[in-house]
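*Asks:*
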Amino acid sequence: MGDISQQLVEQVRQAAEADTPLAITGGGSKPFLGRGLRGEPLELVGHAGIVSYEPVELVLTVRAGTRLDDIDAALAEQGQRLAFEPPRFGSSDTIGGALAANLSGPGRPWQGSVRDHVLGLRLINGRGEHLRFGGQVMKNVAGYDASRLQAGALGTLGAITEISLKVMPRPAMEQTLIQPMDHQHALALMNRLAGQSKPLSAACWYQGQLYLRLSGSRPAVEATSESWRADSGGDMGVLDDGDIFWRQLRDQRLPFFDGEKPLWRFSVNPTATLEDVDEHALIDWGGAQRWSRQQENLSVMAEKAARAGGQAALFRHGDRSGEVMHPQPAPLRTIQKRLKASFDPEGIFNPQHLYTWL
Amino acid sequence: MSAAKQQDTSATPAPGKLDGRVDFPPVYRSALAKKFRRFLNPDSVISDEETIRPYECDGLSMYCEMPQLVLLPETVEQVQQIMRICHADEVPVVARGAGTGLSAGAMPHAGGVVLSLAKFDRILGIDPGARSARLQPGVRNLAITEAAAKHGLYYGPDPSSQIACTIGGNVAENSGGVHCLKYGLTVHNLLSVEVVTAEGDRVTIGSDGYDSCGMDLLALMTGSEGLLGIVTEVQVKLLPKPEVAQVVMAGFDSVQKAGDAVAGIIGQGIIPGGLEMMDGFAIQAAEDFARAGYPTDAAALLLCEVDGTREEVQDHIRQAEELFRTMGATSVRTSGTEEERALLWKGRKSAFPAVGRISPDYYCMDGTIPRSQLAHVLTEMDRMSAHYGLRVANVFHAGDGNLHPLILFDANVPGEFERTEAFGGDILNLCVDVGGSITGEHGVGMEKIRQMPNQFGNLEVSQFHAIKQAFDTRGILNPGKGVPTLRQCQEYRAIGPLRQPSAAPDTEASHG
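In the order they appear, the protein sequences are chains A and B.
Taking the working numbering, I'd label the letters of the first sequence as residues 33 to 390.
Taking the working numbering, I'd label the letters of the second sequence as residues 5 to 516.
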């Protein structure tokens, strides 16, 4: 735990000079993402620790190699948390990795994503310059938002070294409701309930069951739970220890995620129908994120996703030698290549990790 | 002291560093107009001075410039054609929505064209099931909420100009409003934007889903002040209208106590829908104007709005009332009806015109600070106010640390506006010094370009120019705004903060 930024800057400078590709690694918990890493490891895990934490300001600044579990523990002492519920794929997941991969948990449609909570960051670019963007305040529109730009870039623009995040109070109460239902009815109901001003904070359909999570003040959660259960004619019940289900969903530890079959992620219009996908899928984010296990090629899946107003990616397993992310239209490919060059002129960071052409 | 300033900011840029473009080839107005009249309705190519005049400035009227032409396209294809011509001929393009911006971001370029999106004013569709709306960029912010109301939905960000400002402008500035702490800024409420690039390509960034593959270009576009592309369509998220909203008003005999009460609310785990503070001067002006029933003897006033389900609001309002009393409020009043709630807000919402009534002119600043620094910043501001001999009223989005000091001045008194700008600059530098930002929601535009080098070092500024060049290889989109050139950085830093004008600047100016 400490500040090793000088050492990291030095390694980047040498790599840029020698044209050595660097593989940026945090806790090493998500090696399956993207197209795989090649190059000399640039280890962020030693660059860890909380730089500052002001509970009353709702702001936390941490080094990128800080483990999510350590952040959770520090926030819990103050009755706070990261509202975007970053997934864990091991015990060593870091905050830098969560941001680079743009990973958020089941509450994403209501509580926002990891990038929504980013206030600012520090990053070493491919020239070995240690830059600072954004800040530690909620509202800040000076300069381009180079901080949130990093979300989903999978380290192709630089090595994130420090992140300032908005943190939120823990809800006073959470409760999980469950009701047997087919996927079509579940999708319709999820979207209808999400249109009400109720403390809904997660909605998932899995193996013939609709799961709903309520989070908020005790009287609000209890009143909503009672009224929704009454509306269901007794089919909806309370699931004890519901938080275990949401954690397993968040961390992909439900049996659905077992095995080596290709795992596809769809990010689509929450009301859309994905033919030949939905009935076998795990539907999360109130319909906006759907997981599917099947042998298929990216172009077929991308086309299905596009018809549903969104995008597809081969999240895990399967053939990762070609593209694994939703195709980019030509002008955005050009812009992202130029952006990459503007941060990393020698192309040393995670080459071809996100796309073959990046 | 901000850490950005601790970096090596004085170093001269390394050779080959990217910089902002300042020079453009001369423009022949009639020849250029002819090119546009080939595909635009002749009325949509404005070239006479009298009709151009209203476009010479945005909401910050002290900054103005006459463009060569004003263009009012009606289709995206026309926007593409305009961009292809301007890209080929290297003609500066300044996009414009309603012109309500407060940082001169839409001030024209003398050698270029203004591209007004005013004719793109249609709501293309509302999807009540998915809770989203597709809009042309010239749709007014408030019109979105009005159209969504019949579905029990509304659009979250509500800048105070929401009656007039457009969604395209909101994207350009990443606009906020009084409900940001709970519902976020524009960037948190977008699904996708359609953009025409500097080269004239038409492309969608984002989708109907919440996350897209690759770098987050949607976030990068948001708040980019028209420097990266022309937004031609916007898809926003809509939120369910809260069942109920109530506001607690609390008066305090000191700003410190009011600030502590804000911290207390957050500390109790309550995230109010709106949390606003006004100082004594603003309270008095607002009360004289709106007769909202504000306690005019208070040194600070808090308006704390809680929204949500009936049960939640009841629970949180009770907690807020108790907490304000415990923390020394001299008066506490809670809205019992919608009329009363509207009345309590009316004072706050009319604070700007109210101040306008007691002074010939006022200048609205827009800095953000960590909330804990509030008392210190207000004390410093009082000192500066005395120093410059100019009065200042403060309204403050207390929930998210966004200060809006209103400096009162008279533009007819020679030198008074210059003093006002210097005072404003000092306030922004102070915001940076305590760990905040020179702009929370108004943007940098032309207005705050002088303060940018105080918040960012040369390395960051260079990276910004490189980002722009990735989108706009010839630097034609809104040139001279948002990001200072490296030479400007050097000059502005050499002049130094004007906070202690008596002290000699400690850095020698070198105008290489």
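Cβ coordinates follow ideal geometry from the N, Cα and C atoms, glycine included.
#1: Work out the CA separation of methionine 170(A) and alanine 137(B) for me, nearest whole Å.
#2: Judging by CA-CA distance, which residue of Ser120(B), Pro58(B), Gly218(B), Val26(B) is the nearest neighbour of methionine 357(A)?
#3: Nearest-angstrom Cα distance between tyrosine 496(B) and aspartate 430(B)?
#4: How about glycine 188(B) and aspartate 148(A): are their beta carbons less than 9 Å apart?
#5: Nearest by alpha-carbon distance to glycine 58(A): which of Pro87(A), Asn382(A), Val270(A) is it?
#6: Output the boundary residues of the beta strand (DSSP E) element that contains alanine 254(B).
#7: Please confirm if the segment 309–319 of chain B is in contact with the segment 240–259 of chain A, defined as three or more CB-CB distances below 8 Å between the two stretches.
#8: Taking any Cβ of chain A, which residues in the segment 236–249 of chain B have a Cβ under 7 Å from it, in chain order?
#9: Using only the alpha-carbon positions, how far apart do glycine 516(B) and glutamine 492(B) sit?
#10: Which same chain residues, not among the five before or five after glutamate 89(A), have their C-beta less than 8 Å away from its C-beta?
#11: I need the DSSP call for methionine 388(B), collapsed to helix, strand or coil.
#12: So, does the CB of leucine 232(B) fall closer than 9 Å to a CB anywhere in chain A?
#13: Exposed or buried, what is tyrosine 243(A) when buried is set at 16 or more other beta-carbons lying within 10 Å of its beta-carbon?
#14: Assuming leucine 232(B) contacts phenylalanine 475(B) (C-beta within less than 8 Å), just tell me the rounded distance between them.
#15: Measuring only between beta-carbons, confirm whether isoleucine 130(B) sits less than 9 Å from chain A.
#16: Kindly identify the DSSP beta-bridge partner or partners of serine 107(B).
#17: With 16 other CB atoms within 10 Å as the buried threshold, where does alanine 178(A) fall?
#18: List the residues that DSSP assigns as beta-bridge partners of glutamine 321(A).
#19: Expressed to the nearest angstrom, what Euclidean distance is found between the alpha-carbon atoms of threonine 303(A) and cysteine 236(A)?
#20: I need the DSSP call for proline 251(A), collapsed to helix, strand or coil.
#21: How about phenylalanine 288(A) and glutamine 239(A): do their beta carbons lie closer than 9 Å?
#22: Can you tell which of Gln377(B), Leu410(B), Gly103(B), Ile411(B) has its C-alpha closest to the C-alpha of alanine 402(B)?
#23: For valine 310(B), list the residues DSSP reports as bridge partners.
#24: Comparing alpha-carbon positions, which option in Ala358(B), Val248(B), His320(B), Ala333(B) lies nearest alanine 296(B)?
#25: For the 8 Å Cβ check, are there 3 or more pairs between the segment 220–239 of chain B and the segment 329–340 of chain B?
#26: Around the Cβ of tryptophan 389(A), are there at least 16 other Cβ atoms within 10 angstroms (buried) or fewer (exposed)?
#27: Are the Cβ atoms of glutamate 309(B) and phenylalanine 400(B) separated by less than 9 Å?
#28: Listing by chain order, which chain B residues have their CB less than 7 Å from the CB of tyrosine 176(A)?
#29: Quick check: the Cα distance between alanine 176(B) and leucine 194(B), rounded to an integer number of angstroms?
#30: Listing by chain order, which chain A residues have their CB less than 9 Å from the CB of methionine 456(B)?
#31: Per the contact definition of three or more C-beta pairs closer than 8 Å, is the segment 41–57 of chain B in contact with the segment 440–448 of chain B?
#32: Is aspartate 316(A) near lysine 336(A), with beta carbons less than 9 Å apart?
#33: Nearest chain B C-beta to tyrosine 85(A) closer than 9 Å, yes or no?
#34: Could you name the residues of the segment 363–383 of chain A whose beta carbon sits closer than 8 Å to any beta carbon of chain B, in the order they occur along the chain?
#35: I'd like the span of the beta strand (DSSP E) that includes asparagine 406(B), first residue to last.
#36: Please classify aspartate 177(A): does DSSP put it in a helix, a strand, or coil?
*Replies:* According to the structure data:
#1: 25 Å
#2: Gly218(B)
#3: 13 Å
#4: yes
#5: Asn382(A)
#6: 248–256
#7: yes
#8: Pro244, Lys245, Pro246, Glu247
#9: Confidence at glycine 516(B) is low in this model, with a pLDDT of 29, below 50, so its placement is unreliable and the value that follows should be read with caution. Distance between the alpha carbons of glycine 516(B) and glutamine 492(B): 11 Å.
#10: Gln168
#11: helix
#12: yes
#13: buried
#14: 4 Å
#15: no
#16: Partner(s): none; serine 107(B) has no beta bridge.
#17: buried
#18: Ser299(A), Asp316(A)
#19: 13 Å
#20: helix
#21: yes
#22: Gln377(B)
#23: Gln250(B)
#24: Ala358(B)
#25: no
#26: exposed
#27: no
#28: Leu224, Ser228, Phe468, Ile471
#29: 12 Å
#30: Ala174, Gly175
#31: no
#32: no
#33: no
#34: Pro363, Leu364, Ile367, Gln368, Arg370, Leu371, Ala373, Ser374, Phe375
#35: 406–413
#36: coil
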